[in-house]
Amino acid sequence: MTSEVKKPTRSVRPAIAAALSDAFLILLFAAIGRDAHQRGEIVTGVFLTAWPFLVGAALAWLGARAWRRPLSITSGVVIWLGTVAGGMILRAVTGQTVVVAFVIVALLSLGLFLVGYRALVALARRLRKS
Numbered sequence: 840m841t842s843e844v845k846k847p848t849r850s851v852r853p854a855i856a857a858a859l860s861d862a863f864l865i866l867l868f869a870a871i872g873r874d875a876h877q878r879g880e881i882v883t884g885v886f887l888t889a890w891p892f893l894v895g896a897a898l899a900w901l902g903a904r905a906w907r908r909p910l911s912i913t914s915g916v917v918i919w920l921g922t923v924a925g926g927m928i929l930r931a932v933t934g935q936t937v938v939v940a941f942v943i944v945a946l947l948s949l950g951l952f953l954v955g956y957r958a959l960v961a962l963a964r965r966l967r968k969s
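Just so you know, we're using our numbering here: the sequence shown kicks off at 840 and counts up by one.
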């Protein structure tokens with residue numbers, strides 16, 4: 840009796856790469872923000888700022904089933920909005936500050952980061968086809 844291991848029909852590499860890219864960009868957003876406000880404790884501080892957004896992104900990935908089309912702009916938009924919404928809700932629930940200016944900065948920055956690289960990938964693919 841031989842058991843075969845079936846390979847997935849699609850590679851999981853794009854999903855892993857996109858998820859890691861999203862996490863890196865969320866950490867970068869937190870690091871830039873902490874640096875702009877001259878907050879100390881870089882490693883711990885970045886994690887404390889980023890964790891609500893990382894959780895929001897993970898929930899958005901699950902809700903959108905983003906692993907199916909991890910680099911699509913549609914997935915990027917859902918992940919972006921879920922990251923910001925989830926991040927702000929978790930910040931509020933845990934007693935961290937949530938002010939309108941921060942929400943706007945997070946929307947703009949994370950939108951540029953999380954949707955921006957997907958838009959560049961889509962553009963590169965389109966240009967390669969033509």
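Where is the CB? At the ideal position from N, CA and C, for every residue including glycine.
Assuming I865 and A889 form a contact by the criterion Cβ under 8 Å, report the distance between their Cβ atoms to the nearest whole angstrom.
Going by Cβ atoms, the distance from I865 to A889 rounds to 5 Å, so yes, they are a contact pair.
Three-state secondary structure (DSSP) at R908?
Note: R908 maps to coil in three-state DSSP.
Do L893 and A854 have their C-beta atoms closer together than 8 Å?
Against a cut-off of 8 Å, the Cβ pair of A854 and L893 comes out as no contact.
What did DSSP end up calling G934 once you bin it into helix, strand or coil?
G934 falls in the coil class under three-state DSSP.
Taking 8 Å as the cut-off, decide whether the C-beta atoms of V960 and L910 are in contact.
The answer is yes: Cβ separation under 8 Å.
Pick helix, strand or coil for S860, following the three-state DSSP scheme.
Reduced to three states, the DSSP call for S860 is helix.
First and last residue of the alpha helix (DSSP H) that includes V851?
It is not in any alpha helix (DSSP H) - V851 carries neither H nor E in the DSSP assignment.
Looking only at its own chain, which residues have a Cβ that is under 6 Å from the Cβ of G926, when we skip the five neighbours before and after it?
If we look at G926 and ignore the five residues flanking it on each side, its Cβ neighbours are P891, F892, G895.
Any contact between the segment 950 to 965 and the segment 933 to 940? By contact I mean 3 or more CB pairs, one from each, below 8 Å.
Short answer: they don't touch.
Tell me whether S969 sits in a helix, a strand or coil according to DSSP, three-state version.
DSSP places S969 in coil when its eight states are reduced to three.
Anyone know if the C-beta pair for A903 and S914 falls short of 8 Å?
The answer is yes: Cβ separation under 8 Å.
With a CB to CB cut of under 6 Å and the five nearest residues on each side skipped, what residues in its chain are close to W919?
Around W919: L949, G950, L953, V954.
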